[in-house]
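Each residue of the sequence shown is one higher than the last, beginning at 1 in our numbering. Cβ atoms here follow ideal geometry from the backbone N, Cα and C, with glycine treated the same way. For clarity, every value in this text was computed on a predicted model and none was experimentally measured. Following: one structure in structure tokens, then a few remarks.
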Amino acid sequence: MQSTQSDILFGSDGPEKLEGRDICLHLPCSRCGYDLQGLPATSVCPECGTSTSQSLASAIDPTMHKLPPLLAPHRVGNALLMLGVLTLLAAFSIALREVLMMPWLGLDKSSSAGMLLFVTTGIAVICGVLGWIPVFQLWPSPADAGIHSGRKGIATLAAGLVVWVAGCLLANKFDADSLLGPTLIDLVPLSGAWLYLLGLRQIVVEVGARSRVFRTDRIRRQRIWDLLIGILFIAIGIVLVWAGEAYSSTGNQSSIPFSSTFTLDGKPVSGIGFLGMAISSVAVILVLVGLIYLCFNLAWVRSALQSPPPRLREYLSPVEGT
Ligand SMILES: [Zn+2]
Numbered sequence: 001m002q003s004t005q006s007d008i009l010f011g012s013d014g015p016e017k018l019e020g021r022d023i024c025l026h027l028p029c030s031r032c033g034y035d036l037q038g039l040p041a042t043s044v045c046p047e048c049g050t051s052t053s054q055s056l057a058s059a060i061d062p063t064m065h066k067l068p069p070l071l072a073p074h075r076v077g078n079a080l081l082m083l084g085v086l087t088l089l090a091a092f093s094i095a096l097r098e099v100l101m102m103p104w105l106g107l108d109k110s111s112s113a114g115m116l117l118f119v120t121t122g123i124a125v126i127c128g129v130l131g132w133i134p135v136f137q138l139w140p141s142p143a144d145a146g147i148h149s150g151r152k153g154i155a156t157l158a159a160g161l162v163v164w165v166a167g168c169l170l171a172n173k174f175d176a177d178s179l180l181g182p183t184l185i186d187l188v189p190l191s192g193a194w195l196y197l198l199g200l201r202q203i204v205v206e207v208g209a210r211s212r213v214f215r216t217d218r219i220r221r222q223r224i225w226d227l228l229i230g231i232l233f234i235a236i237g238i239v240l241v242w243a244g245e246a247y248s249s250t251g252n253q254s255s256i257p258f259s260s261t262f263t264l265d266g267k268p269v270s271g272i273g274f275l276g277m278a279i280s281s282v283a284v285i286l287v288l289v290g291l292i293y294l295c296f297n298l299a300w301v302r303s304a305l306q307s308p309p310p311r312l313r314e315y316l317s318p319v320e321g322t
């Protein structure tokens with residue numbers, strides 16, 4: 001009565017006949033979570049009627065087992081998650097710094113401005129330095145696949161870390177004198193972040209293939225490419241702010257859109273500078289949200305690396321009568 005489709009499943013070791021075999025590992029029903037262990041592989045869930053073969057199919061990950069094994073999956077998983085958390089912390093800290101230094105908050109003139117700059121920049125720099133720990137953990141090549149194909153990503157990421165740390169220190173030094181929102185110096189740590197994410201992307205694409213949820217989830221999966229575009233928009237915003245400041249200092253008035261000047265909190269602000277600030281702010285928020293998602297994604301990858309799903313053959317009792 002059963003279709004042949006559910007009689008045979010494809011696992012990492014090839015097709016497996018389900019007829020006459022039992023499920024011998026803990027296997028939650030894919031629909032209701034009922035433990036199907038001990039039931040025949042061709043039966044249905046006693047609670048909800050979902051076929052056990054369907055639950056088997058959703059529990060195994062043949063694709064993962066066909067990929068070359070990692071040298072040290074635990075270490076790679078931990079390193080990736082650590083990179084994600086450090087990235088998020090550094091990004092939040094730098095974003096906070098830019099918010100605190102917005103001219104219309106008035107904090108830039110307060111006595112605590114120096115302290116706030118020091119703390120927020122300090123966190124971003126420390127994150128950049130600590131980022132070298134996972135870099136060294138990943139260096140033995142994140143995947144054996146290809147010839148050090150992952151190493152290019154690690155090298156790019158490490159170069160990004162150096163530029164990020166240098167850029168944060170540089171931006172801090174210059175900002176302390178005239179705190180007028182973002183400056184062109186901020187493009188240095190931004191380009192570091194760009195390089196870093198470019199490298200992280202190469203690593204995550206290669207290692208992340210081992211997580212089924214990372215490969216298949218289309219909604220909660222954060223594409224690093226989108227973060228790179230976000231950073232590009234932050235940079236565009238910063239350049240516009242700079243152009244606006246340069247323009248408003250000349251005192252010209254013209255009919256070019258967005259180039260007129262208005263006064264905000266006693267300071268002349270050009271339309272183009274305000275537009276730049278808006279673009280930057282929106283892009284910063286989008287990047288921060290994206291980084292939160294990325295952390296979740298990296299946690300999936302870590303979990304798949306550290307406790308990979310059993311193979312189909314391990315789920316099934318041995319074939320009888322052979
Ligand atoms: Zn069920």
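Span of the alpha helix (DSSP H) around Glu206: For this step, residue 206 is matched to residue 206 along the sequence shown. Residue range Leu187 to Gly208 is occupied by the alpha helix (DSSP H) that includes Glu206.
Please go through the same chain and pick out, in chain order, the residues whose beta-carbon is closer than 6 Å to the beta-carbon of Ser3, but skip the five residues on each side of it. Sequence index remark: in the sequence shown, residue 3 carries index 3 (1-based). In this prediction, Ser3 scores a pLDDT of 46, lower than 50, which makes its location untrustworthy; no coordinate-derived value is stated.
With 16 as the cutoff for other CB atoms within 10 Å, does Asp336 come out buried or exposed? In this structure the chain extends from 1 to 322, so residue 336 is not present and cannot be described.
Contacting residues, own chain, Cβ-Cβ under 8 Å from Arg381 (five flanking each side not counted): Here the chain covers residues 1 to 322 and nothing more, so residue 381 does not appear.
Report whether the distance from the Cβ of Thr52 to the nearest heavy atom of ligand 1 is below 7 Å. Here the question's residue 52 lines up with position 52 in the sequence shown. No, the Cβ of Thr52 stays beyond 7 Å of every heavy atom of ligand 1.
Should Arg220 go down as buried or exposed, given a rule of 16 or more other Cβ atoms within 10 Å for buried? The sequence position of residue 220 within the sequence shown is 220, counting from 1. Classification of Arg220: exposed, given that the 10 Å Cβ count is below 16.
Run through the DSSP bridge pairs and tell me what Ile154 is partnered with. Translated into positions along the sequence shown, residue 154 becomes position 154. Looking at the DSSP output, Ile154 bridges to nothing.
Go ahead and pull the three-state DSSP assignment for Ser93. Locating residue 93 in the sequence shown gives position 93, counting from the first residue. Look at Ser93 here: in three-state DSSP terms it is helix.
If you run the structure through DSSP and keep just helix, strand and coil, what is Leu100? Residue mapping note: residue 100 aligns to position 100 of the sequence shown, counting from 1. In the displayed model, Leu100 falls within a helix according to three-state DSSP.
Neighbourhood of Arg31 by C-beta, 6 Å cutoff - its chain only, sequence neighbours within 5 removed: Working through the sequence shown from its first residue, we reach residue 31 at position 31. Excluding residues up to 5 positions away in sequence, Cys48 and Thr50 lie with their Cβ nearer than 6 Å to the Cβ of Arg31 in the same chain.
Is the beta carbon of Pro134 closer than 8 Å to that of Leu83? By 1-based counting over the sequence shown, the position of residue 83 is 83. By 1-based counting over the sequence shown, the position of residue 134 is 134. Yes, Cβ-Cβ distance for Leu83 and Pro134 is below 8 Å.
Leu71 in three-state terms, based on DSSP: To locate residue 71, count along the sequence shown from 1; it is residue 71. Leu71 falls in the coil class under three-state DSSP.
Output the residue ranges of the beta strand (DSSP E) runs that lie fully inside the segment 114-141 and measure 3 residues or longer, sorted by chain position. The segment 114-141 is shown to contain no whole beta strand (DSSP E) run of 3 or more residues.
Sequence-distant residues of the same chain with beta carbon closer than 7 Å to Leu288, five excluded per side: Here residue 288 refers to the residue found at position 288 when the sequence shown is read from its first residue. Excluding sequence neighbours, Leu288 sits near Ala91, Phe92 and Ala95.
Within 10 Å of its beta-carbon, does Gly33 have 16 or more other beta-carbons around it, so buried, or fewer, so exposed? As a first step, residue 33 is located in the sequence shown; it is residue number 33 there, counting from the start. Gly33 comes out exposed.
Alpha carbons only, please: which of Ala158, Leu240, Val205 and Ala41 is nearest the one belonging to Leu187? Mapped onto the sequence shown, residue 187 falls at position 187. Among Ala158, Leu240, Val205 and Ala41, the Cα nearest to that of Leu187 belongs to Leu240.
At a threshold of 7 Å, does Glu47 count as lining ligand 1 (C-beta to nearest heavy atom)? Your numbering for residue 47 matches position 47 in the sequence shown. Indeed, a heavy atom of ligand 1 lies less than 7 Å from the Cβ.
Can you determine whether any heavy atom of ligand 1 sits closer than 7 Å to the C-beta of Arg220, and answer yes or no? Translated into the one-based positions of the sequence shown, residue 220 becomes position 220. No.
Is it true that the CB of Leu157 sits closer than 8 Å to the CB of Cys295? Residue numbering aside, residue 295 sits at position 295 when the sequence shown is read from its first letter. Residue numbering aside, residue 157 sits at position 157 when the sequence shown is read from its first letter. Note that the C-beta distance between Cys295 and Leu157 is not below 8 Å.
Given the structure, does Cys29 come close to ligand 1, in the sense that its CB is under 7 Å from one of the ligand's heavy atoms? Counting from 1 along the sequence shown, the entry for residue 29 is found at position 29. Short note on Cys29: C-beta closer than 7 Å to some heavy atom of ligand 1.
Beta carbon of Ala150, beta carbon of Ile203: below 8 Å? Numbered from its first residue, the sequence shown carries residue 150 at position 150. Numbered from its first residue, the sequence shown carries residue 203 at position 203. With the sequence shown as reference, residue 150 is identified as Gly, and Ala is not the correct amino acid for it. Against a cut-off of 8 Å, the Cβ pair of Ile203 and Gly150 comes out as a contact.
Sort out for me which residues DSSP pairs Glu47 with in a bridge. On the sequence shown, position 47 is the one that residue 47 refers to. In the DSSP output, where bridge partners are listed per residue, Glu47 has none listed.
Integer Cβ distance of His74 from Gln306, believed to fall under 8 Å: On the sequence shown, position 74 is the one that residue 74 refers to. On the sequence shown, position 306 is the one that residue 306 refers to. Taking 8 Å as the upper bound for CB-CB distance, His74 and Gln306 are in contact here, some 5 Å apart.
Taking all protein chains shown into account, decide if Ala278 is buried (16 or more other Cβ within 10 angstroms of its Cβ) or exposed. Mapped onto the sequence shown, residue 278 falls at position 278. Counting every other CB atom within 10 Å of its CB across the protein chains shown gives Ala278 a total below 16, marking it as exposed.
Extent of the continuous alpha helix (DSSP H) to which Ile285 belongs: Working through the sequence shown from its first residue, we reach residue 285 at position 285. Taken as a continuous stretch (DSSP letters only), the alpha helix (DSSP H) holding Ile285 covers Gly271 to Gln306.
Using DSSP's beta-bridge definition, name the partner residues of Lys17. Stepping through the sequence shown from its first residue, residue 17 is reached at position 17. DSSP, once it has assigned bridges, lists Ile8 as partnering Lys17.
For Pro189 and Ala166, the rounded distance between their alpha carbons: Position 166 of the sequence shown holds residue 166. Position 189 of the sequence shown holds residue 189. In a straight line, the C-alpha of Ala166 is about 7 Å away from that of Pro189.
Is Cys168 near ligand 1 - that is, is its Cβ less than 7 Å away from at least one heavy atom of it? Along the sequence shown, one-based indexing puts residue 168 at 168. Cys168 Cβ: outside cutoff for every heavy atom of ligand 1.
How far does the alpha helix (DSSP H) with Tyr34 in it extend, from its first residue to its last? Within the sequence shown, the letter at position 34 stands for residue 34. For Tyr34, no alpha helix (DSSP H) segment is defined, and its DSSP state is neither H nor E.
For Ile236, the three-state DSSP class (helix, strand or coil): Against the sequence shown, residue 236 aligns to sequence position 236. Reduced to three states, the DSSP call for Ile236 is helix.
Go ahead and pull the three-state DSSP assignment for Pro28. As a position in the sequence shown, residue 28 is number 28, starting the count at 1. DSSP places Pro28 within a strand segment (E or B) once states are collapsed to three.
Using 10 angstroms around the beta-carbon of Gln37, count the other beta-carbons present and answer buried if the total reaches 16, otherwise exposed. Here residue 37 refers to the residue found at position 37 of the sequence shown. Gln37 is exposed by the Cβ-count criterion.
Would the beta-carbon of Cys295 be found less than 7 Å away from any heavy atom of ligand 1? Translated into positions along the sequence shown, residue 295 becomes position 295. Not under cutoff, so the answer is no.
Exposure label - Trp194; buried when at least 16 CB within 10 Å: Taking the sequence shown and counting its residues from 1, the one referred to as residue 194 is at position 194. Flag for Trp194 reads buried.
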